[in-house]
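*Asks:* With the working numbering, you'll find the sequence shown wraps up at 161, consecutive numbering, no jumps. Just so you know, even glycine gets a beta-carbon here, dropped at the ideal spot from N, CA and C. On a predicted model such as this, the values are computed, not experimentally measured, just so you know. Attaching a single structure in structure tokens format; questions to follow.
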Amino acid sequence: TVMSNFGLYQALDKAGIRYEKTAVGDKYVWENMRANGHVIGGEQSGH
115 TVMSNFGLYQ ALDKAGIRYE KTAVGDKYVW ENMRANGHVI GGEQSGH
């Protein structure tokens with residue numbers, strides 16, 4: 115499942131900040147961050 119926060123995407127687009135979406139779960143966020151050299155990431159599912 116890929117969840118989204120449309121308001122965040124709009125704000126990031128307006129600021130020219132690139133982002134990526136992953137499946138829900140810290141594991142998937144972390145794997146994407148490591149694979150792509152990202153320095154910040156998060157997920158809001160609360161599990």
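1) Taking only three categories from DSSP, how would you classify Tyr133?
2) I want to know whether the segment 115 to 123 touches the segment 134 to 153 - three or more CB-CB distances under 8 Å.
3) Contact defined as beta carbons within less than 8 Å: I believe Glu157 pairs with Gly139. What is the distance between those atoms, to the nearest angstrom?
*Replies:* Short version:
1) Three-state DSSP puts Tyr133 in coil, outside helix and strand.
2) Counting C-beta pairs with one atom in each stretch, the segment 115 to 123 and the segment 134 to 153 have three or more that are closer than 8 Å, which means they touch.
3) Rounded to the nearest angstrom, the Cβ distance from Glu157 to Gly139 is 7 Å, consistent with a contact under 8 Å.
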